[in-house]
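Protein chains in written order, with the working numbering: chain A, 36 to 322; chain B, 406 to 509.
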């Protein structure tokens, strides 16, 4: 009888010990781990498309379809974004009315810095995208902000992306719980189904890249922002990241959020971080 | 026999009720239906998950009401409420369900 009681109490103690030992593991499993997420993300696409070179994912649908790639390579001889690039270069160099310019707002005069955006601003406690930083620069210098979805912003970001071409995305997540939270929220947004069609970003760009949705070939999520901004034949013009996010939402019959809302900023942070190491290829062209 | 007659009479009355035109919706009916739809859509908005189709149904309801067509206005408002409730359900269930899609 005593032996049974002893056995029972030993079992209880072992059970408790196992529970206590498992608790930190369970907590660790829930804690954000951006580096592990980025590795899993990249490995998924490498496994899904073993013939596509890693750096080629930044070319979106052209990395998935040989015929489209040939058409694109021909188009690149006279790229449709060239007008925007020229306009952006001129806009970037033109001083504000107070005599200052965009170069005064960015590290290295704004040249070759696109790969560092979005970045986490510890002072504000939020993600700052390149589009947001450009408008803040304008406002700080007494100028009106540009629309996030129209040509001026697309031209400016096209020029800045061009000066970073070939440089690998280098998004930092500082050791700050707010930055980790922003990354986690971006991830949550990416995988959350929304709109009447019940699609998430991942439905198209993780589950179905390379497949057709009507006439379009879906781009892989890996490297999807490296080519931004883009000239889209469907839009007959240039589009920013803000335009891409809002139109994706309306295409699935969801009411888009306001451009540069916290959700979109966090989404951009997540998507850019998981493409770290892949080269900037913007401005790009898409069907 | 009586049972058969009774059942036939009941079926006939149900059939005629089904064929009879529903009572025309009043402005008050529309207002009640619209308020319910609007409240549900506000809740969807708070969850950051409004649908374009809900917004379209609400706009169609308002337009029909302005034209004095309260039947159509009420019907559109009820459709908007159903859509808004579906978007609320989606946003609520996705609070956990999104994890099933995550690459791990």
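For every residue, glycine included, the Cβ atom is placed at its ideal position computed from N, Cα and C.
All values reported here derive from a predicted model rather than from experimental measurement.
- Less than 8 Å separates the beta-carbon of residue 317 of chain A from that of residue 261 of chain A.
- Sequence-ordered contacts of the segment 227-253 of chain A with chain B read 227, 228, 229, 230, 231, 233, 235, 237, 238, 241, 242 [C-beta pairs closer than 9 Å].
- For residue 449 of chain B, same chain residues with a beta-carbon under 6 Å away, outside a window of 5 residues either side, are 455, 489, 492, 493 in chain order.
- DSSP lists A:251 as the bridge partner or partners of residue 248 of chain A.
- Taking every protein chain shown into account, the CB of residue 167 of chain A has 16 or more other CB atoms within 10 angstroms, so this residue is buried.
- DSSP places residue 203 of chain A within a strand segment (E or B) once states are collapsed to three.
- Our two residues, residue 441 of chain B and residue 254 of chain A, have alpha carbons roughly 40 Å apart in a direct line.
- Within chain A, the residues whose beta carbon sits less than 9 Å from that of residue 455 of chain B are 289, 290, listed in sequence order.
- Contact annotation: the segment 116-127 of chain A does not touch the segment 297-309 of chain A, with fewer than three C-beta pairs closer than 8 Å.
- Cβ contact annotation for residue 213 of chain A (same chain, cutoff 7 Å, sequence separation greater than five): 160, in chain order.
- With a cutoff of 8 Å on beta-carbon distance, residue 307 of chain A and residue 225 of chain A are scored as not near each other.
- Distance from the CA of residue 98 of chain A to the CA of residue 76 of chain A, rounded to the nearest whole angstrom, comes to 17 Å.
- Out of B:487, B:451, B:439, the CA that lies nearest to the CA of residue 471 of chain B is found in B:439.
- Nearest CB-CB separation between residue 76 of chain A and chain B: below the 8 Å threshold.
- The DSSP-derived three-state label of residue 124 of chain A is helix.
- Shortest Cα-Cα distance from residue 290 of chain A to any of B:460, B:486, B:504 involves B:460.
- Rounded to whole angstroms, the Cβ separation of residue 314 of chain A and residue 145 of chain A is 19 Å, and the two are not in contact under 8 Å.
- In this structure the segment 185-192 of chain A touches the segment 270-277 of chain A; the number of beta carbon pairs closer than 8 Å is three or more.
- DSSP places residue 212 of chain A in the helix class (H, G or I) of the three-state scheme.
- At a Cβ-Cβ threshold of 8 Å, residue 221 of chain A and residue 152 of chain A do not count as neighbours.
- Taking a contact as a CB-CB distance under 8 Å, the pair residue 182 of chain A and residue 257 of chain A does not count as one, their CB atoms being some 29 Å apart.
- Put simply, of A:268, A:249, A:266, A:237 the residue whose alpha carbon is nearest the alpha carbon of residue 284 of chain A is A:237.
- The DSSP-derived three-state label of residue 161 of chain A is strand.
- Closest in C-alpha terms to residue 173 of chain A, from the list A:134, A:240, A:105, comes A:134.
- The residue among A:211, A:109, A:184 with its C-alpha nearest the C-alpha of residue 158 of chain A is A:211.
- For the 8 Å CB-CB criterion, residue 215 of chain A and residue 208 of chain A form a contact.
- For residue 73 of chain A, the CB contacts under 7 Å within the same chain, skipping 5 residues up- and downstream, are 308, 309, 311 in chain order.
- Rounded to whole angstroms, residue 82 of chain A and residue 177 of chain A show a C-alpha spacing of 50 Å.
- The beta carbon of residue 194 of chain A is closer than 7 Å to those of 120, 123, 124, 127 in its chain, skipping five residues each way along the sequence.
- When the five nearest sequence neighbours on each side are left out, the beta carbons in the same chain lying within less than 6 Å of the beta carbon of residue 150 of chain A are those of 199, 202, 204, 205, 315, in order along the chain.
- Leaving aside the five residues that flank residue 280 of chain A on each side, the residues in its chain whose CB is nearer than 6 Å to its CB run, in chain order, 299.
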